[in-house]
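Scroll down for the structure; my scribbles are underneath it.
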Amino acid sequence: MQSGRLLYEGKAKKLFATDDPDVVLHVYKDDATAFNAQKRGSIAGKGQVNAATTAHLMRFLESKGIPTHLIHQPEPGMLLTQKVEIIGVEVIVRNYTAGSMAKRLGLEEGLKIHDPIVEFCLKSDELGDPLMLDQHAIFMGLATRAELDEIQSLARRINTLLRTYLLDRDLILVDFKLEFGRNRAGKVILADEISPDTCRFWDRTTRKKLDKDRFRRDLGEVEEAYQEAYRRIISEVN
Ligand code: TMP
Ligand code: ASP
Numbered sequence: 076m077q078s079g080r081l082l083y084e085g086k087a088k089k090l091f092a093t094d095d096p097d098v099v100l101h102v103y104k105d106d107a108t109a110f111n112a113q114k115r116g117s118i119a120g121k122g123q124v125n126a127a128t129t130a131h132l133m134r135f136l137e138s139k140g141i142p143t144h145l146i147h148q149p150e151p152g153m154l155l156t157q158k159v160e161i162i163g164v165e166v167i168v169r170n171y172t173a174g175s176m177a178k179r180l181g182l183e184e185g186l187k188i189h190d191p192i193v194e195f196c197l198k199s200d201e202l203g204d205p206l207m208l209d210q211h212a213i214f215m216g217l218a219t220r221a222e223l224d225e226i227q228s229l230a231r232r233i234n235t236l237l238r239t240y241l242l243d244r245d246l247i248l249v250d251f252k253l254e255f256g257r258n259r260a261g262k263v264i265l266a267d268e269i270s271p272d273t274c275r276f277w278d279r280t281t282r283k284k285l286d287k288d289r290f291r292r293d294l295g296e297v298e299e300a301y302q303e304a305y306r307r308i309i310s311e312v313n
């Protein structure tokens, strides 16, 4: 597949056109940003880990009936996907308190949320991805009621599948962010990535952080954490 013109450059990926108008090439970068790009750096090997983790977990989800944009991984650090129109709503699913939810509500981190919480945020770097209601998203024309219901239901199914899959590999899925898109047929499918950049993974026993919080919070062993999360995620268990 020939890589064509640059369609879009994000903080962690570049998207290129291919010779098929319905297929795009994602090239994952080692660049890392946090706090709406106020903090910048690089994590060696991150691009390869994030592309391979996304491919592995999206293949798993597809095997369980979740539609995703993934087509295949042509080489390390790259993914070929269906071209979608990204829905401008970031979807966060939370199983334990952490991050912005803990901060906003004055809660300690690590409290178990028995009925997982699904949050919607406006996808806007300028505004710092603010939390919003489904009604705001509909008012702004970002998605229809039916699409948001579908997104919410997919996000909950994805959470149920991933948290069990990861716990079998000694990782607690604390929270994660998903993005969805509309494919050419207008169907809502899972897009973007699933990686240590977009999820919080804690060790099941020690609760050691094995995700981007090591970079965000200057905890050290950042590269090692990405490699360890990846090693566990691809491991076979009985
Ligand atoms: P938060 O607690 O900072 O809102 O983050 C919730 C989850 O979303 C966490 O797993 C990290 C992920 N996330 C992203 O993927 N991109 C972002 O820009 C932010 C702020 C969080
Ligand atoms: N990716 C986001 C940024 O740059 C935030 C984050 O992941 O913490 O700013």
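The sequence shown begins at 76 in the numbering used here and counts up by one.
Using N, Cα and C, we set each Cβ at its ideal position, and we do this for glycine too.
Residues sharing a beta bridge with residue i, DSSP
| i | result |
| --- | --- |
| Q157 | V98 |
| M207 | F195 |
| L253 | V166 |
| N247 | A small fix is needed here, since residue 247 is Ile in this sequence, not Asn. For I247, which the question treats as bridged, DSSP gives the partners W277. |
| G152 | Answer is none; G152 lacks a bridge partner. |
| H147 | L155 |
| L81 | F91 |
Residue nearest to residue i in terms of C-alpha spacing, selected from the options
| i | options | result |
| --- | --- | --- |
| T143 | I269, A107 and K198 | I269 |
| H101 | L223, L242, L81 and R220 | L81 |
| E150 | L136, A127 and E137 | A127 |
| R244 | T280, K114 and T273 | T280 |
| Q123 | E298, E311, L265 and K262 | E298 |
| K121 | V312, N313, G181 and F290 | F290 |
| I233 | G140, K283, G152 and F91 | G140 |
| R292 | L229, Q227 and A109 | A109 |
| E254 | A119, C196 and L180 | C196 |
| L248 | P205, L217, A218 and P191 | P191 |
Closer than 7 Å: residue i CB and nearest ligand 2 heavy atom
| i | result |
| --- | --- |
| K178 | no |
| T129 | no |
Spatial neighbours of residue i in its chain, beta-carbon cut-off 7 Å, leaving aside the 5 residues before and after
| i | result |
| --- | --- |
| I188 | R169, N170, Y171 and T172 |
| N320 | No information on residue 320 is available, as it lies outside the stretch 76 to 313 that the chain covers here. |
Cβ shell of residue i (< 6 Å), same chain only, five flanking positions each side left out
| i | result |
| --- | --- |
| K158 | D97 and V99 |
| L285 | F276, A300, E303 and A304 |
8 Å Cβ shell around residue i - same chain, five flanking residues per side excluded
| i | result |
| --- | --- |
| R134 | L145 |
| L246 | F276, W277, D278, R279, L285, A304, R307 and I308 |
| L223 | V164, F195, D209, A212 and I213 |
Near ligand 1: residue i beta-carbon under 7 Å from a heavy atom
| i | result |
| --- | --- |
| A230 | no |
| R306 | no |
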